[in-house]
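Read in order, the letters of the sequence shown correspond to residues -24 to -1, 1 to 438 in mature numbering (1 follows the signal peptide of the UniProt record, and there is no 0). Some notes on the structure that comes next.
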Amino acid sequence: MKLNRLTLFCYAVLLLSIFAVSHAGVTSSYVRVSEPSEEMPLETFPPPAGLNAPEQVHITQGDHSGRGMIISWVTPLNVDDGSNIVRYWNADTDGSEKMSAVASTSTYRYYDYTSGYLHHATIKGLEYDTKYFYELGTGRSIRQFNFMTPPKVGPDVAYTFGVIGDLGQTYASNQTLYNYMSNPKGQAVLFAGDLSYADDHPNHDQRKWDSYGRFVEPSAAYQPWIWAAGNHEIDYAQSLGETQPFKPYMNRYHVPYRASQSTSPLWYSIKRASAYIIVLSSYSAYDKYTPQNSWLQDELKKVNRSETPWLIVLVHAPWYNSNNYHYMEGESMRVTFEPWFVENKVDIVFAGHVHAYERSERVSNIKYNITDGMSTPVKDQSAPVYITIGDGGNIEGIANSYTEPQPSYSAFREASFGHAMLEIKNRTHAHYTWHRNKDDEPIIADAIWLKNRYYLPEEETT
Ligand SMILES: [Fe+2]
């Protein structure tokens, strides 16, 4: 009898220890081979051949529900030869009857640089779930591309997003991009900010914006990249006389912000398949009474989970980050918006900024006020999972210094470069995976079956 009690006690201790371990955060033991984050030289990305050939082609969703596409490209000359026109047709037809759209065209100056001619054309009224061809340029300079429109918005529509942040244009960025492209599942990219890192170069060398456009074209011309702005998009340089924040980014990357009644391209929303995606700006005012704040307040009321069960937020500075780099930089936005995210049961928040990978537990920290002193994150099944995916692989290198011990809100963290995939299966389940760029794409370094907060608000296990 005594032995039985002892045995039972031992089993209890064992079970408790297993339980405790399975709920502790993991700091990955994977050690990434240290190497300099070297940028690919400008010559790696020459402009395409041909007179006034279109280049830096990229597309993004052009309306609120997925029947529109913004087609963007650059030409060196602004001649009246049709180089500002996109022609497109349903891939099921022979292309003899092409539709066309005329772009708005602009240039910008930045210090000693003048941009090429930046064209943005919005195509609307596309069929859902349909392949389209489109072509740009004239004469011998014509270049042809294609894209798939998303399925009609609906609660059980399966859809797969790639997730990339802080990409830059180093050899590591190249590995990340081509790993992602080798995965046939990705249908669109959620981009968590920090694109070209032009501002890390003397005088914010704007040619790096051109080379970035050429670098991402093999993916961004064929599937929409949903852009959020990071700090490297600000390009504010008082010493150069460049004091208009976000000037290069907003000239080069258009988004459908008016379709969600936003007054700024820096914050907006789209619906795509079964997801409602809200893009926020860490570097625009968001306190009470500001445009972004009042827009988000109205926006959250518009989300209909019967139509789009998955509520996803894209923002640059992470709210839950246990890396020593950029520690607490997202804190004031967290304090401002977190109660709304919990109340509205946001499923996932993707952020960038920190050049490493981290996934949080479902936690919230909304009880704090200046008198009660309660300021510890607690488990909360109405809270989002926070994912830091600023690990695209840019010139600034890896963020490899973490706070110790690992805080309880941190479920998994690793100082490596890579990207993520979010495979939405139906209204209740999505499979989320993270892929190091040092591995082959099929190797999964972190994974979790996410349960929808509106339809299945149960705790998840990895
Ligand atoms: Fe950043």
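Even glycine gets a Cβ: it sits at the ideal position worked out from N, Cα and C.
Quiz item: Can you tell me whether residue 280 is buried or exposed, with buried defined as 16 or more other CB within 10 angstroms of its CB?
Solution: Mapped onto the sequence shown, residue 280 falls at position 304. Of the residues assessed, residue 280 falls on the exposed side of the cut-off, its CB having fewer than 16 other CB atoms within 10 angstroms.
Practice problem: Pull up the CB-CB distance for residue 112 and residue 253, whole angstroms please, since I reckon it's below 8 Å. | Solution: In the sequence shown, residue 112 corresponds to position 136, counting from 1. In the sequence shown, residue 253 corresponds to position 277, counting from 1. By a beta-carbon distance limit of 8 Å, residue 112 does not contact residue 253. Their separation comes to about 27 Å.
Quiz item: Is it the case that the CB of residue 207 approaches a heavy atom of ligand 1 more closely than 7 Å?
Solution: As a first step, residue 207 must be located in the sequence shown, where it is residue number 231. Residue 207 Cβ: within cutoff of ligand 1.
Practice problem: Please work out which residues of its chain come closer than 8 Å, Cβ to Cβ, to residue 43, disregarding the five sequence neighbours upstream and downstream, and give them in chain order. | Solution: For the purposes of this step, residue 43 is taken as residue 67 along the sequence shown, with counting starting at 1. So the qualifying residues of the chain are 100, 101, 102, 103, 104, 125.
Quiz item: Exposed or buried, what is residue 344 when buried is set at 16 or more other beta-carbons lying within 10 Å of its beta-carbon?
Solution: Position 368 of the sequence shown holds residue 344. It is exposed - the Cβ of residue 344 has fewer than 16 other Cβ atoms within 10 Å.
Quiz item: Apart from the five residues on each side of it in sequence, which residues of its chain come closer than 8 Å, Cβ to Cβ, to residue 433?
Solution: As a first step, residue 433 must be located in the sequence shown, where it is residue number 457. Within the same chain, residue 433 has close Cβ partners 321, 357, 358, 427.
Quiz item: Do residue 384 and residue 38 have their C-beta atoms closer together than 8 Å?
Solution: On the sequence shown, position 408 is the one that residue 384 refers to. On the sequence shown, position 62 is the one that residue 38 refers to. Cβ atoms of residue 384 and residue 38: not closer than 8 Å.
Practice problem: Could you tell me the distance, in whole angstroms, from the CA atom of residue 210 to the CA atom of residue 164? | Solution: Stepping through the sequence shown from its first residue, residue 210 is reached at position 234. Stepping through the sequence shown from its first residue, residue 164 is reached at position 188. In a straight line, the C-alpha of residue 210 is about 24 Å away from that of residue 164.
Quiz item: For residue 208, which residues from the same chain have a beta carbon less than 6 Å from its beta carbon, with the 5 sequence-adjacent residues on both sides left out?
Solution: Against the sequence shown, residue 208 aligns to sequence position 232. So the list reads 170, 173, 175, once near-sequence residues are dropped.
Quiz item: Which runs of the beta strand (DSSP E) fall wholly inside the region 317 to 342 and span at least 3 residues, in chain order?
Solution: If only complete runs of 3 or more residues are kept, the region 317 to 342 shows the beta strand (DSSP E) at 324 to 327, 333 to 336, in order along the chain.
Quiz item: Start and end of the beta strand (DSSP E) containing residue 139?
Solution: Within the sequence shown, residue 139 is the residue found at index 163, counting from 1. Run containing residue 139: 135 to 140, per the beta strand (DSSP E) assignment.
Quiz item: Exposed or buried, what is residue 419 when buried is set at 16 or more other beta-carbons lying within 10 Å of its beta-carbon?
Solution: If you number the sequence shown from 1, residue 419 lands on position 443. Residue 419 is exposed by the Cβ-count criterion.
Exercise. Return helix, strand or coil for residue 422, following the three-state DSSP convention.
Key: Counting from 1 along the sequence shown, the entry for residue 422 is found at position 446. Strand at residue 422.
Self-check item: Near ligand 1: residue 211 beta-carbon under 7 Å from a heavy atom
Solution: The sequence position of residue 211 within the sequence shown is 235, counting from 1. Residue 211 Cβ: outside cutoff for every heavy atom of ligand 1.
Quiz item: Hey, how far is the Cα of residue 364 from the Cα of residue 218?
Solution: Position 388 of the sequence shown, counted from the first residue, corresponds to residue 364. Position 242 of the sequence shown, counted from the first residue, corresponds to residue 218. Between residue 364 and residue 218, the C-alpha separation is close to 30 Å.
Self-check item: residue 483 in three-state terms, based on DSSP
Solution: This structure gives no information on residue 483, because the portion of the chain shown stretches from -24 to 438.
Quiz item: CB-CB under 6 Å to residue 58, same chain, minus the five flanking residues each way: which ones, in chain order?
Solution: As a working note, residue 58 is residue 82 in the sequence shown. Excluding positions up to five away in sequence, the list reads 114.
Quiz item: Should residue 373 be listed as close to ligand 1, given that the test is whether its C-beta is under 7 Å from any heavy atom?
Solution: On the sequence shown, position 397 is the one that residue 373 refers to. Not one heavy atom of ligand 1 falls within 7 Å of the beta-carbon of residue 373.
Practice problem: Within the same chain, show all residues whose beta-carbon is closer than 6 Å to that of residue 141, passing over the 5 residues directly before and after it, in chain order. | Solution: The residue you call residue 141 lines up with position 165 of the sequence shown. Contacts found: 168, 328, 365, 366, 368.
Quiz item: Short check: CB of residue 52 to CB of residue 28, under 8 Å?
Solution: Taking the sequence shown and counting its residues from 1, the one referred to as residue 52 is at position 76. Taking the sequence shown and counting its residues from 1, the one referred to as residue 28 is at position 52. Cβ atoms of residue 52 and residue 28: closer than 8 Å.
Self-check item: Where the beta strand (DSSP E) containing residue 98 begins and where it ends
Solution: On the sequence shown, position 122 is the one that residue 98 refers to. First-last of the beta strand (DSSP E) with residue 98: 93 to 99.
Quiz item: Going by Cα to Cα distance, which pick from 151, 294, 213 is closest to residue 178?
Solution: For the purposes of this step, residue 178 is taken as residue 202 along the sequence shown, with counting starting at 1. Ranking the options by Cα distance to residue 178, first place goes to 213.
Quiz item: Three or more beta-carbon pairs under 8 Å between the region 389 to 399 and the region 408 to 417, yes or no?
Solution: Yes, since at least three Cβ pairs between the region 389 to 399 and the region 408 to 417 fall closer than 8 Å, the two stretches touch.
Quiz item: In the DSSP assignment, what residue or residues form a beta bridge with residue 290?
Solution: Locating residue 290 in the sequence shown gives position 314, counting from the first residue. Bridge partners of residue 290: 255, 326.
Practice problem: Indicate, with yes or no, if ligand 1 has a heavy atom lying under 7 Å from the CB of residue 329. | Solution: Position 353 of the sequence shown, counting from 1, holds the residue named residue 329. Relative to ligand 1, the nearest heavy atom lies less than 7 Å away from the CB of residue 329.
Quiz item: Regarding residue 142 and ligand 1, is the C-beta to nearest heavy atom distance less than 7 Å?
Solution: As a working mapping, residue 142 is identified with position 166 in the sequence shown. Residue 142: yes, Cβ under 7 Å from ligand 1.
Quiz prompt | Span of the alpha helix (DSSP H), counted from its first residue to its last, around residue 152 | solution = If you number the sequence shown from 1, residue 152 lands on position 176. Looking at the DSSP string, the run of the alpha helix (DSSP H) that includes residue 152 is 147 to 157.
Practice problem: Determine the burial state of residue 17: buried for a count of at least 16 other Cβ atoms within 10 Å of its Cβ, exposed for fewer. | Solution: Residue mapping note: residue 17 aligns to position 41 of the sequence shown, counting from 1. Classification for residue 17: exposed.
Quiz prompt | According to DSSP, residues forming a beta bridge with residue 45 | solution = Along the sequence shown, one-based indexing puts residue 45 at 69. DSSP output for residue 45 lists 37, 99 as bridge partner(s).
Quiz item: Using a Cβ-Cβ cut-off of 8 Å (strictly less than) and excluding sequence neighbours within five positions of residue 221, which residues of its own chain qualify?
Solution: Your numbering for residue 221 matches position 245 in the sequence shown. So the list reads 210, 211, 212, 259, once near-sequence residues are dropped.
Practice problem: Below 7 Å CB to CB, which residues in the same chain sit around residue 155 once its five sequence neighbours on both sides are set aside? | Solution: The residue you call residue 155 lines up with position 179 of the sequence shown. Excluding sequence neighbours, residue 155 sits near 395, 411, 413, 417.
Quiz prompt | Proximity winner among 271, 248, 60, relative to residue 257 (alpha-carbon distances) | solution = Counted from its first residue, the sequence shown places residue 257 at position 281. For residue 257, the nearest C-alpha among the options comes from 271.
Practice problem: Out of 158, 185, 273, 269, state which residue places its alpha-carbon closest to the alpha-carbon of residue 15. | Solution: Residue mapping note: residue 15 aligns to position 39 of the sequence shown, counting from 1. The residue with the shortest Cα to Cα distance from residue 15 is 185.
Self-check item: Alpha carbon of residue 31 to alpha carbon of residue 399, nearest angstrom
Solution: Translated into the one-based positions of the sequence shown, residue 31 becomes position 55. Translated into the one-based positions of the sequence shown, residue 399 becomes position 423. About 31 Å.
Quiz item: In terms of residues, what are the limits of the alpha helix (DSSP H) holding residue 191?
Solution: As a first step, residue 191 must be located in the sequence shown, where it is residue number 215. From DSSP, the alpha helix (DSSP H) with residue 191 extends over 183 to 196.
Quiz item: From what residue to what residue does the beta strand (DSSP E) around residue 66 run?
Solution: Here residue 66 corresponds to residue number 90 of the sequence shown, with the count starting at 1. Per DSSP, residue 66 belongs to the beta strand (DSSP E) from 61 to 66.
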